[in-house]
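If you read the sequences in order, they're chains A and B.
For the first sequence, the numbering used here gives the first residue as 1267, with consecutive numbering after it.
For the second sequence, the numbering used here gives the first residue as -16, with consecutive numbering after it.
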Amino acid sequence: MITSAIIPKPLARLPWRLIFLVAGIATFGLIVLYSAAGGSIQPWAMKQAIVFTGFLGIAVGMSWMKETTIKAIAFPLYAVTLVMLIGVEALGFVSKGAQRWLDLGPIRLQPSEFMKPAIVLTLARFYELVPAAEIRKWRAIWPAMLLLGVPAFLILVQPDLGTCIMVMLCGVTVMFLAGLPWWLFAGPAAAVAVAAPIVYSMMHGYQRKRIDVFLDPESDPLGAGYHIAQSKIAIGSGGIWGKGFLHGSQSHLDYLPEGHTDFVFATMAEEWGLVGGILLICAFGAVIRWGMRVSQNSRTRFGQLAAAGLSATIFFYVSINLMMVMGLAPVVGVPLPLVSFGGSAVMTVMLCLGLLMALERQQRTVSRLA
Amino acid sequence: MKHVRFTNAHQSITFSRRMMLLGGAQAGVGALLIGRMGWLSIAQNAKYQLLSESNRVQLIPVPPRRGWIVDRNNKPIAINKASFRVDIIPQQLVDGPKVVAQLAKLLELPPDEVERINRELAVSRGFQPVSVSDNISYEKYAAVTVRGPELPGVAASRGFTRFYPAGSAVGQLVGYVGTASAAEYEKEHKNPLLLIPGVKIGKEGLEQTLESTLRGEPGGQRVEVTAHGKLVKELEAKPDRSGGTVQLTIDADLHEYTARRIGEQSCSVVVLDVNEGDILAMPSMPSFDPNNFSDGISRNEWKMLSGDDHLPLVDKALESLYPSGSTIKPSMAMALLNAGIDRKQRVNCTGSYPLGNHVFHCDKRHGPVDMDAAIVHSCDIYFYDMCRRVGAEKLAPMIRSMGFGEKFDLPFDNQRYGTVPDPEWMMRKYHRQWQTYDTINMSIGQGMVLINPMQLAVMAARLATGKRVIPRLLKNKPVAPQEHLEVDADHLTFIRQAMANVVDHGTAAAAKLPLDGIQMAGKTGTAQTHRLSDAERGNYTAALWKLRDHSLFMGFVPFNNPRYAAAAIVEHGGFGAAVAAPLIRDTLLFLYDKQKALANLQSFEQGIGGTLEERNARKTASWRSANGLPALPPTKA
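Structure (C-alpha cells):
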C-alpha cells in the first residue's frame, strides 16, 4: 500500500506490490513471446498484451467487490458454469469429437476455465455453512464430493485431462483446508495408486500414449516423446545464463513445438537460462505467497478457504506446467499463466487475482472494524 | 478413543496446521522445480547443448575421394576419373515438372528415367539430392551449367568414378565398386554417406576387403536448418579427407601381361617373389571389366558373365580347387627321401599297375626308372609303388608343409583351401578306413587331393628355397619370417636338379626359357576331371572341353638361385606340358626380357584373334546377337 498525498486514495489503496509482480511476469512473458515469433510483436505478443491489459483492468475493478457479494455469487456462478459445461457436452455430441468451447457470437467461451475459481468459491461457501461440529460427518463430505465430481467428470469427457486435474486439485485443496478427516485424502491417494492401471485402460488413445511416453520419452523421440525431449533440450542447452535474447535455436528453428503456448517456459529458459527460470519461478512463488497471506489474514472462514483455494489454483497452473515442461510430469496440456499465449489462462488467473484482491481489501477495511 | 466434539477452535488450529502443510508442500515443489532446472541446465548442460547443436546444424556431406590402389612400383591399378553428374536438390526446386522436362531434353533422358526422377522427387525430403544422370559427357555438363540460372534446384557437379586402367585384366584382383544397397546402409548404422548419389563402395575383391582404408572421411557443407528441413544459413564447411592409398606387391605390368598371355583359356596364374613371398601377379581369366561395374552393370552384361562356362565371376586363383596332378611329384619325392627311400632305387614301369581287381595306369611304358627319371618323365608307376611302400601317414605331413591345404592370410573373402588327405582325415570325413588305392591316388595328386593355384605357386617357392615362403599382397604388411622346412639340403638340391631336368629334357621341355644362363625348374601336371575311357587315354584334346583334363605347371627361376616362383592351372587345358608350361615360360620371361616376351605375346594374340579388349568386345557382340539384343554403341571416349 502506497501512502502519499499526491496519489488519489482509491489508487493508493491498490495492492501495488502484487500488481507490479503480476505485470512484471506478464511483461517478461511478452518478451518471450516476442522472441518466439522470431523478434516480432506479431502474431502473439501484441494480442497477449491487449488481453492482459484488459483482464488486469477487470481484476483491479473486481477488487472493489465486497466479500458478501462474492459469497452471494458463489453458488449461482457454479450453477451457471455447470449448465454451460453440460451445454458444451450436448453441443459436442452434435458437432465433432472434442468440443471445449461454447460459441456465443464473437466470444468463444471455455466454461471449464470458469470452473476453476467457481469450484473454489462454491466449496469455500459450502464449508462456511457447515458448522464446526459437523465437519467430520458424512453430510459434510458427500455434497462436496458431488459438487466437485460432477464438473470434473464433465471436463474429463470433453476430453480435457489437464483442466480436469486442475479442477480436482483446487477442490481437494479447499476440502483439505476445511478440515475434513485425514483418511479422506490418504485413502483415495492409495486408491489412485491401485486404480491407476484401470484409469489408464479407460483413457483416450492419445492420452494413454502421453503417459507411455512420459514414462520413457526416448521410446518415441520423433513421435509423442518429441515434445518432452525437445523441451528438455531447450532448457538443458540454455545453461546458467541462457543463449541470449533472440538466440534460442530450439524455438526459432521450430524444433520445440508449442514454444509459445504450453512449452513457453522452455523457450524462455533457452534464452534466459537458469537465471531467468529461477527469477520466473520466484516471481510466481511471491504471487502465490501473497495469496496464501491473504488467506491467513482473513477473518472469515469463507475468506480463508476461498483465498487459499484461489492461490492454489495459480500454484497448480504453474507447477503442473513446469513439471510437464521439465519432464517431471506427463504432458497434459496446462499452460503457464501470464506467459503462455492464449486468453483463457490469463482470464482465469486474473479472475483469481481479482477475487484475491477483493478479499485482501476487505481485510484492510472491514476486518479492522470487526 | 474418547469422542471429542469438534469446535471452532479445533477448526482454526486444523486450518492453520494444514495451511502450513500446504505452504510447505508448495515451497517443496518450488524447490524441486528449481533443482530440476539446475540439473538440466548445469549438470546436463553439455549433453543438451550437443543435442541442440545436432538439431540445428545439418551436414550436407561431400563424399571423399576414394583411395588409390597401386602396384609395387606405384603404377596405378585403381584410380578415380573425373566425371560429370547432374542432381536435383528438391529443397531449391521451384517449378519441378518444367525443370525435369528441360533436363530431359538437354540430357536426352529416356522416358523411364524421367519417370524415375519424378518418382524420387515425390518422396524426397529436405537436402537429399535426387540423381538425374551421372557420368555424362562434358558437353552435356556444360550445357546444364550455362543454363544454371534458369534451372533452380539443379546441381551439375564434377564427381569421380572409379577407373581401372588395365580393365578386365585386374577384374578378379580388385573386385569392383557399386552403389550401396539398403542392406549395406542398414549394416553401417545408416551412414548418411552411403545415400549420396554417386558414392560407391567396394563390393568384391580388394575394393571390398580394403574398404575401410580406401573410403576416407566425408566432409560437408554445414548448414543451419529448421525442424522442417528449411535452410536458414550456411556455416563454415568441414573439409573431407580422401581415402588412403593401398600399395600392393603386384607388378601391374607382369600381371597384365600374364592376363593377356592366358588368352582364351579359363585359367589362373600366380607369380611369387620367393624372397619376401610377394605376389607379383595373380590373374584369373577370363574376368569381368570392373570399369563396367563402376557405372552400374547392365542386366544383360551380368547375364552374359554369369552364364559363361569359363566362370569370369570366380577368382580361380583362390576360390577354385583342382586335383594337383603330377605337380605333387617333387614334393612327394621329397617325402620319400625323408622316409628313407634311396633315390637310385628303380621301379620297373610297364604302363600299368594292378592293385586288387583294379589296374592303375601310366601314360607311357617308362621301363626301369629311378627317382630322377620318375620326376623328369613324370612316371606314375614309380610313385604308386614307392608311396605304397612308405604309406600315406609319412607322406601327408611333407605335402602339407609345402603349402597344399594351407590357409593364407590374404585380403580376400572367398578363399578355399582344399585338402591333403590322410587316414585320420578319411575317418573323420568319410568314416572309412584308408585303403591302399587311396595312397596310390594321392601319390600322383589325384583322388582327394585338392589345391588352389596359390598353393601350387607356394609349393614351387618352398621347393625352390627350402623355406616356408608365405604369400603377401599388401606392401605395408611386414614380411613373414620364413622358417626352414624340415628337409635335408642334399635332398633339396637333388629335387631342384630333377625339376630343372624336367624343363631341360623332360616333360616340360616346352617351358625352356630362351635366355642364356637362366634356367627354369618346374613340373607339369595333368589332372583328370573324370575317369578316362581307353579311347581317350593319351588323346587329350579328343574330349569335349568340359571333360578334358586340367593342365598344370609350377616352377621357379633361376633353378640354382631361385628368385621367382610361378604356377598355372588351365582348366580343361589338356596335357600340362602343352598349355600351362609355355604360359609360365612366357610369364617368367617377361621378368627378364620384356622385348622377347612381348614379341611372343603379339604372335600369340594374333593366333587367337587379337588383344584382350578386341576379343572381349567380339565376345560381347556375338553373345548379344545370339541372344537377340542390338549391338552396343561404340565405347565412350
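Backbone N, C-alpha and C define an ideal beta-carbon position, used for all residues, glycine too.
Note that the structure is predicted; figures quoted are calculated from it, not measured.
Closer than 8 Å to chain B by CB, residue i
i                       : result
residue 1451 of chain A : no
residue 1360 of chain A : For residue 1360 of chain A, the pLDDT reaches just 46, beneath the cut-off of 50, and the residue's location in the model is therefore unreliable, although a value from the coordinates is still provided. For residue 1360 of chain A, the answer is no, since every Cβ of chain B falls outside 8 Å of its Cβ.
residue 1263 of chain A : Past the edges of chain A, shown from 1267 to 1636, lies residue 1263 of chain A, and the structure says nothing about it.
residue 1442 of chain A : yes
residue 1585 of chain A : yes
residue 1398 of chain A : yes
residue 1439 of chain A : yes
residue 1561 of chain A : yes
residue 1516 of chain A : yes
residue 1392 of chain A : no
Within-8 Å CB hit, residue i to chain A
i                      : result
residue 172 of chain B : no
residue 215 of chain B : yes
residue 20 of chain B  : yes
residue 106 of chain B : no
residue 442 of chain B : no
residue 17 of chain B  : yes
residue 27 of chain B  : yes
residue 9 of chain B   : yes
residue -12 of chain B : yes
Simplified DSSP state of residue i, which is helix, strand or coil
i                       : result
residue 70 of chain B   : strand
residue 1339 of chain A : helix
residue 179 of chain B  : coil
residue 204 of chain B  : strand
residue 409 of chain B  : helix
residue 444 of chain B  : helix
residue 174 of chain B  : coil
residue 135 of chain B  : coil
residue 1275 of chain A : helix
residue 1628 of chain A : helix
residue 231 of chain B  : strand
residue 146 of chain B  : strand
Host alpha helix (DSSP H) of residue i (start-end)
i                       : result
residue 1301 of chain A : 1282 to 1302
residue 370 of chain B  : 363 to 373
residue 36 of chain B   : 28 to 39
residue 537 of chain B  : From DSSP, residue 537 of chain B is part of no alpha helix (DSSP H) but of the beta strand (DSSP E) over 533 to 540.
residue 256 of chain B  : Where residue 256 of chain B is concerned, there is no enclosing alpha helix (DSSP H), although the beta strand (DSSP E) it sits in stretches over 250 to 256.
residue 160 of chain B  : First-last for residue 160 of chain B: 160 to 162, but that is the beta strand (DSSP E), not the alpha helix (DSSP H).
residue 21 of chain B   : -9 to 21
residue 603 of chain B  : 595 to 609
residue 482 of chain B  : 472 to 488
residue 95 of chain B   : 94 to 106
residue 1531 of chain A : 1530 to 1563
Same chain, Cβ closer than 7 Å to residue i, five either side skipped, listed in chain order
i                       : result
residue 103 of chain B  : 113
residue 1420 of chain A : 1351, 1352, 1355
residue 458 of chain B  : 55, 230, 231, 232
residue 403 of chain B  : 379, 382, 383, 387, 388, 432
residue 1552 of chain A : 1287
8 Å Cβ shell around residue i - same chain, five flanking residues per side excluded
i                       : result
residue 1247 of chain A : The question about residue 1247 of chain A has no answer, for chain A in this structure spans 1267 to 1636.
residue 149 of chain B  : 60, 235, 238, 239, 242
The beta strand (DSSP E) enclosing residue i, as first and last residue numbers
i                      : result
residue 118 of chain B : 113 to 119
residue 621 of chain B : The question about residue 621 of chain B has no answer here: the residues shown for chain B are numbered -16 through 620.
residue 263 of chain B : 262 to 264
residue 547 of chain B : 547 to 553
residue 506 of chain B : 504 to 510
Sequence-distant residues of the same chain with beta carbon closer than 6 Å to residue i, five excluded per side
i                       : result
residue 1394 of chain A : 1567, 1568
residue 436 of chain B  : 251, 253, 300, 550, 552
residue 1362 of chain A : The pLDDT assigned to residue 1362 of chain A is 46, lower than 50, so where the model puts this residue is not dependable, and the model offers no usable value.
residue 306 of chain B  : 428, 429, 432, 510
Runs of beta strand (DSSP E) wholly within the segment 1575 to 1620 of chain A (minimum 3 residues, chain order): none
Within the segment 275 to 355 of chain B, ranges of the beta strand (DSSP E) (whole runs, at least 3 residues): 330 to 332, 335 to 338, 341 to 344, 350 to 352
Continuous alpha helix (DSSP H) assignments of at least 4 residues falling wholly in the segment 1487 to 1512 of chain A: 1492 to 1504
Runs of alpha helix (DSSP H) wholly within the segment 1394 to 1472 of chain A (minimum 4 residues, chain order): 1408 to 1422, 1427 to 1444, 1449 to 1468
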